[in-house]
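The structure appears below as structure tokens.
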Amino acid sequence: MKLYNTLSRKKEEFKPINPPNVGLYTCGPTVYWSTHIGHMSKYVGDDILRRALLYNGYKVKHVMNVTDVGHLTSDEDAGEDKMEKGAKREGLTVWEVAKKYEKEFFGAMDALNALRPDVVARATEHIAEQIELIKRLEQNGYTYETDAAVFFDVSKFPEYWKLSGQKLEEKKIGAREDVFIDKQKKNPYDFALWFKRTGRFANHTMHWKSPWGDGFPGWHIECSAMSMKYLGESFDIHTGGIDHIGVHHPAEIAQSEGATGKPFVKYWIHRVFIMIDGQKMSKSLGNFFTLKDITERGFKPMALRYLLLTAHYRTGLNFTWKSLEAAQNALDNLYDIFKEYDEPKIGCAELEREFLKAINDDMDTPKALAVMWNLIKSNYPSAAKKQSLLKMDKVLGLGLDKVKKKTAKIPAEVKELVAEREKARKEKNWVKADELRKKIEKEGFMVEDMDKKTKIKSK
Ligand SMILES: [Zn+2]
């Protein structure tokens, strides 16, 4: 299996540290608002990766964090506190906001048929682990304290730049008006490990005791502390969006490797953002969609999953309502065809191999989908197609295992009536065709006229 590793900027052969076990960590949602489809696409991508690993025979332990501590709207220790903002907006407590949106998030993930992580780790339930890690960094000489926070001193960890490949002089300093500038900060890239409940955070709702005073952890530290707790100090795969390459993931590497002296993660996988009508998704452009927006327009959540599969995760998808409609049609078509197939028997080895090759080539899902449709169009018996489709769907996750075969047996009389009706239709005898349709309906069946064929359904 080949995966594109951001760390080496190459497609690499995947070799886990301790096969057949694979440790997989996903940066999860910040639960202060509904997750938009851009973020959902990232988690569907992780689900495909996990299913692909399972398909290849690996034993996967998937850990996802839930950021429920109050954090800032920018990952550079700036901006407003997200949880407090959410609480104010909805007249709830920060804890209620976190609970509400975590539930909503996993509900949406279920609807998209994404496997639940083996471990869901909430930041607020791992404060002790985060404090322990900061203590280790302090002992190793990577931290310094100001009146407002404890910072990681990036200048002491030159490898900070290895993931992003940026050079210090290329980094721009974010000088937005709302940026919180700690005048005691040594250099602009230093990031907070612990915020003290003082100054602008004097009224911060979520706070805990620590060796550096009452306060709350920085965002980055939770991922280092929780991933290492559940997957060990070195593990196989860490995923995220490309927005994490600049700050969040370098910070995770610095914290983890600074504490342990060991390599933190072997493979870094990053997903490109999806575009909406060729534009970046943003609240101000009004093109910020959630799964609910999609279902309210009459689409099935699985249509979104299908659509996401049509683009490679490193190319990104341009989402349009038209493309979603096409995805919905393709999916309905797939389900209809699948329903007609005979009971599964020995599959089509050749196409299964082709499918695996596509998936193992850095998760080439567009190619994998094409192989799936080639199988459907092939001359293999339907039992073989069904067998192979069910296998492929272990990776694609389109829910074919839940599609029921048509159980109602169509009686010979009804079949005869349908044949007669088809004949009448060919002869353009619409009156007779209509009479026959009524007779068929009396028998408890419905006819649906397709392009060339008539479909029979039980009522
Ligand atoms: Zn993270």
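Residue numbers are given in the numbering used here: position 353 of the sequence shown equals residue 353, and the series is strictly consecutive. The beta carbon of each residue, even a glycine, is placed where N, CA and C say it ideally should be.
Distance cut-off 7 Å: residue i Cβ against heavy atoms of ligand 1
i    : result
N65  : yes
C223 : yes
E252 : yes
C348 : no
H126 : no
H62  : no
H39  : no
H207 : no
H248 : yes
Residue i, buried or exposed, once every other Cβ within 10 Å from all chains shown has been counted against 16
i    : result
E76  : Any answer about E76 is weak, because its pLDDT of 48 lies below 50 and its placement is not dependable; what the coordinates show is given next. Its Cβ being crowded by 16 or more others within 10 Å, E76 is buried.
A530 : Since the first residue shown for the chain is 1 and the last is 459, residue 530 is missing from the structure and cannot be characterised.
Q387 : buried
E177 : Unreliable placement is indicated for E177, whose pLDDT of 33 sits below 50; the coordinate value is still reported in the next sentence. That one is exposed.
A358 : buried
R271 : buried
P19  : exposed
E84  : buried
N518 : Absent from the model: residue 518. The displayed extent of the chain is 1 to 459, so no value can be given.
M64  : buried
I173 : In this prediction, I173 scores a pLDDT of 42, lower than 50, which makes its location untrustworthy; no coordinate-derived value is stated.
I276 : buried
T315 : exposed
Q184 : exposed
M446 : exposed
E257 : buried
V418 : buried
M118 : Looking at the sequence provided, one finds Asp at residue 118 rather than Met. D118 comes out exposed.
A175 : Residue placement at A175 is flagged as unreliable, the pLDDT there being 33, under the threshold of 50; the coordinate-derived value follows with that caveat. A175 comes out exposed.
V431 : exposed
D393 : buried
A192 : buried
Q328 : buried
E252 : buried
T67  : buried
L436 : buried
K455 : exposed
R9   : exposed
N-terminal and C-terminal residue of the beta strand (DSSP E) that residue i is part of
i    : result
A149 : 149–152
I237 : 235–241
A121 : 119–122
L3   : 2–5
E354 : Run containing E354: none in the beta strand (DSSP E); it sits in the alpha helix (DSSP H), 349–360.
L317 : Counting along the chain, L317 falls outside any beta strand (DSSP E), and DSSP gives it neither H nor E.
T143 : 143–145
Host alpha helix (DSSP H) of residue i (start-end)
i    : result
L331 : 321–340
G45  : 37–55
Y101 : 94–111
S458 : Element bounds for S458: not the alpha helix (DSSP H) but the beta strand (DSSP E), 454–458.
V371 : 365–377
F445 : First-last for F445: 445–449, but that is the beta strand (DSSP E), not the alpha helix (DSSP H).
K82  : 82–90
K135 : 127–139
Residue from the options whose Cα sits closest to the Cα of residue i
i    : options                : result
K209 : Q166, W194, V247, L417 : W194
W321 : R314, E340, F299, K339 : F299
R89  : W33, M109, D110        : W33
N21  : G28, M40, Y341, L54    : L54
A98  : D110, F273, A123, L112 : A123
Y313 : D361, P381, L324       : D361
I134 : Y25, T260, K438, H238  : T260
K2   : T454, T26, I37, L49    : L49
D47  : W95, S282, E435, G240  : G240
G199 : F191, D182, M206       : D182
D449 : E422, V66, V94, K432   : E422
L334 : K82, N287, I376        : I376
F6   : A114, V265, D110       : Before going on, a small fix: residue 6 reads as Thr here, not Phe. Selected option, being the one with the closest Cα: V265.
G246 : L115, Q166, E129, V31  : Q166
L115 : V395, E420, A326, K409 : V395
I294 : T26, A108, D243        : A108
P29  : E104, E12, K15, G57    : E104
N140 : V44, D110, K438, A254  : A254
L398 : V31, P158, L112        : L112
Min CB distance residue i to chain C below 8 Å
i    : result
K405 : Included in the structure is just one protein chain, with no chain C present.
Counting only runs that start and end within the region 256–304, where is the beta strand (DSSP E) found for 3 or more residues in a row? 265–271
4 or more residues per run - each alpha helix (DSSP H) lying fully within the region 393–430: 412–426
Secondary structure, alpha helix (DSSP H): runs of 4+ residues fully inside the region 191–252: 219–231
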